[in-house]
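Residue numbers (the working numbering): 1183 to 1552.
Put into structure tokens, the structure is as follows:
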């Protein structure tokens, strides 16, 4: 009883409350977005509730193990993640023209979602070992972290899933900036990326990926084709005005004008129904969650847990920025979910597990190994 009371006292309740509120908003929105008049139920919401239940288990499991445990087995977890990504090319399930899922005992999983957490753990271990020396990374010392980052990115690009691959790069890049990079090295990498963008456009991107970028620049050129998603999303967000049309009153979602309304564009559904004030509330919740994660990171006495929590914060941050930016038309449509709001079992479980890591580190912020 005393141990349970101790855990209850030390548990990061602000983090837990933020996660609970975001999950509640997600289920509420999915109930409206996926409601079927004939059956009187919302299948996406029901499946999401099951995924959140599994995610809660993942949260508690990840919270239960010490940072020392995750540090010790980080490379093993990373290796397993790469194996699962490789297995997709042999036994993966094809849907929507992409091979991104594995069917394991009737349960469909997307390994690339879990690979984000594995990448965070692997890079955290690598960066924490070097941080003690205080040396910044130069071009030569970036080879190993670059390979760790680019191996899963390459496997995900081939699926193809450019949006998720980009997210891995952003997470790894954010952690690298915290680890420290020499200014001239950072400048050189920026120039190299700029120079490689031209051949990447002509030889690296597929036609549909090029079209997404062109559509982002001018969606009105093909309003009933490639620009349809972006246009309908902006109509939904804009029509919500200040206070929204009301729950179940969004015409874009209820009349099925808005595509992918339970996944990529779930924020459009919420914005139409709850307006600017509701949207501000959700974004403020994400902001509070990020501030809480950064606060936990700042209190860490060891480098490994600091990098882990910062990696989790960067994962949440980039998902929110890219998804909301995509919904309001300031970023191309790349297919990244909105954490804990978008429908998707693998995404929910992976995010909950990552937040469980942060909660566990907060629980033991004064002891690295216990």
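All C-beta atoms in this analysis are idealised placements derived from N, C-alpha and C, irrespective of residue type, glycine included.
DSSP three-state call for residue 1320: helix, strand or coil?
Against the chain shown, residue 1320 aligns to sequence position 138. If DSSP states are grouped into helix, strand and coil, residue 1320 belongs with coil.
Out of curiosity, what's the CA-to-CA distance linking residue 1237 and residue 1292?
If you number the chain shown from 1, residue 1237 lands on position 55. If you number the chain shown from 1, residue 1292 lands on position 110. Near 14 Å, if we compare the C-alpha coordinates of residue 1292 and residue 1237.
Less than 8 Å separating the beta-carbons of residue 1434 and residue 1215?
Numbered from 1 along the chain shown, position 252 holds the residue referred to as residue 1434. Numbered from 1 along the chain shown, position 33 holds the residue referred to as residue 1215. For the 8 Å CB-CB criterion, residue 1434 and residue 1215 do not form a contact.
Using alpha carbons as the reference points, say which of 1459, 1310, 1458 and 1321 lies closest to residue 1484.
The residue labelled residue 1484 in the question sits at position 302 within the chain shown. Nearest neighbour of residue 1484 by Cα position, chosen from 1459, 1310, 1458 and 1321, turns out to be 1310.
What did DSSP end up calling residue 1540 once you bin it into helix, strand or coil?
The residue labelled residue 1540 in the question sits at position 358 within the chain shown. In the three-state reduction of the DSSP assignment, residue 1540 falls in the helix class, which pools H, G and I.
Inside the region 1267-1354 only - beta strand (DSSP E) runs reaching at least 3 residues:
Taking only runs of at least 3 residues, the beta strand (DSSP E) segments lying wholly in the region 1267-1354 are 1275-1277, 1280-1286 and 1289-1291.
Which one or two residues does DSSP pair with residue 1223 in a beta bridge?
In the chain shown, residue 1223 corresponds to position 41, counting from 1. Beta-bridge partners of residue 1223 (DSSP): 1218.
Excluding five sequence neighbours on each side, which residues of the same chain lie with their C-beta closer than 8 Å to the C-beta of residue 1351?
For the purposes of this step, residue 1351 is identified with residue 169 of the chain shown, where counting begins at 1. Beyond the five residues adjoining it in sequence on each side, residue 1351 comes within less than 8 Å, by CB distance, of 1331 and 1335 in the same chain, given in chain order.
Through-space distance from residue 1521 to residue 1428, alpha-carbon basis
Counting from one through the chain shown, the residue named residue 1428 turns up at place 246. Counting from one through the chain shown, the residue named residue 1521 turns up at place 339. Taking the CA atoms as reference points, residue 1428 sits about 23 Å from residue 1521.
Straight-line gap, residue 1348 to residue 1370 (C-alpha atoms, nearest Å):
Along the chain shown, one-based indexing puts residue 1348 at 166. Along the chain shown, one-based indexing puts residue 1370 at 188. Each residue's Cα considered, the two are about 20 Å apart.
Residue 1363, DSSP secondary structure in three states:
Within the chain shown, numbered from 1, the residue matching residue 1363 stands at position 181. Assignment of residue 1363 by DSSP, reduced to helix, strand and coil, places it in the strand class.
With a 10 Å radius around its C-beta and 16 neighbouring C-beta atoms as the bar for buried, classify residue 1343 as buried or exposed.
One-based indexing of the chain shown puts residue 1343 at position 161. Per the 10 Å Cβ criterion, buried.
Smallest Cα separation from residue 1303: which of 1275, 1235, 1251 and 1199?
Numbered from its first residue, the chain shown carries residue 1303 at position 121. For the residues 1275, 1235, 1251 and 1199, the minimum Cα distance to residue 1303 belongs to 1251.
Can you say whether residue 1192 is buried or exposed, counting buried as having 16 or more other CB atoms within 10 angstroms of its CB?
Your numbering for residue 1192 matches position 10 in the chain shown. Result: exposed.
Buried/exposed call for residue 1346, threshold 16 Cβ in 10 Å:
Along the chain shown, one-based indexing puts residue 1346 at 164. Flag for residue 1346 reads buried.
Relative to the C-alpha of residue 1543, which residue among 1474, 1228 and 1378 is closest?
The residue you call residue 1543 lines up with position 361 of the chain shown. 1474 is the residue among 1474, 1228 and 1378 whose C-alpha sits nearest the C-alpha of residue 1543.
Can you say whether residue 1353 is buried or exposed, counting buried as having 16 or more other CB atoms within 10 angstroms of its CB?
Here residue 1353 is taken as the residue at index 171 of the chain shown, counted from 1. With 16 or more Cβ atoms within 10 Å of its Cβ, residue 1353 is classed as buried.
Pick from 1204, 1194 and 1199 that is closest to residue 1525, judged by C-alpha positions
In the chain shown, counting from the first residue as 1, residue 1525 sits at position 343. In terms of Cα proximity to residue 1525, the closest of 1204, 1194 and 1199 is 1204.
Quick one: using the 10 Å Cβ neighbour count with 16 as the cut-off for buried, is residue 1266 buried or exposed?
What you label residue 1266 is simply residue 84 of the chain shown in a count that begins at 1. The residue in question, residue 1266, is buried, as its Cβ has 16 or more Cβ neighbours within 10 Å.
Distance, residue 1209 Cα to residue 1551 Cα:
Taking the chain shown and counting its residues from 1, one reaches residue 1551 at position 369. Taking the chain shown and counting its residues from 1, one reaches residue 1209 at position 27. Here the model assigns residue 1551 a pLDDT of 45, short of 50, so the residue's position is not dependable, and the following value carries that caveat. About 36 Å.
Considering only C-alpha positions, which residue in the set 1244, 1297 and 1341 is nearest to residue 1280?
To locate residue 1280, count along the chain shown from 1; it is residue 98. Checked all of 1244, 1297 and 1341; the closest Cα to residue 1280 is 1341.
Assuming residue 1470 and residue 1200 are in contact, meaning their beta carbons sit under 8 Å apart, how far apart are those beta carbons, in whole angstroms?
Residue 1470 sits at position 288 when you count from the first residue of the chain shown. Residue 1200 sits at position 18 when you count from the first residue of the chain shown. Contact holds; Cβ gap of about 5 Å.
Cβ contact check for the region 1526-1537 and the region 1222-1233: 3 or more pairs under 8 Å
The region 1526-1537, when compared against the region 1222-1233, does touch it at the 8 Å Cβ threshold.
Run through the region 1481-1534 for me and flag every whole alpha helix (DSSP H) of 4 or more residues, listed as ranges in chain order.
List check, alpha helix (DSSP H) in window: 1485-1509.
CB of residue 1509 within 8 Å of CB of residue 1415, strictly:
Locating residue 1509 in the chain shown gives position 327, where the first residue counts as 1. Locating residue 1415 in the chain shown gives position 233, where the first residue counts as 1. Yes, these two residues count as a Cβ contact at 8 Å.
Enumerate in chain order the residues of its own chain whose CB-to-CB distance from residue 1467 is below 7 Å, with the five nearest sequence positions on each side excluded.
Along the chain shown, one-based indexing puts residue 1467 at 285. Excluding positions up to five away in sequence, the list reads 1200, 1203 and 1204.
What do you reckon, are the CB atoms on residue 1488 and residue 1458 nearer than 8 Å?
As a working note, residue 1488 is residue 306 in the chain shown. As a working note, residue 1458 is residue 276 in the chain shown. Not closer than 8 Å, so no.
With distances taken from CA atoms, which of 1373, 1365 and 1333 is nearest residue 1318?
Stepping through the chain shown from its first residue, residue 1318 is reached at position 136. Nearest option by C-alpha distance: 1365.
If you compare alpha carbons, which of 1378, 1299 and 1337 is closest to residue 1357?
For the purposes of this step, residue 1357 is taken as the residue at position 175 of the chain shown. Out of 1378, 1299 and 1337, 1299 has the C-alpha closest to the C-alpha of residue 1357.
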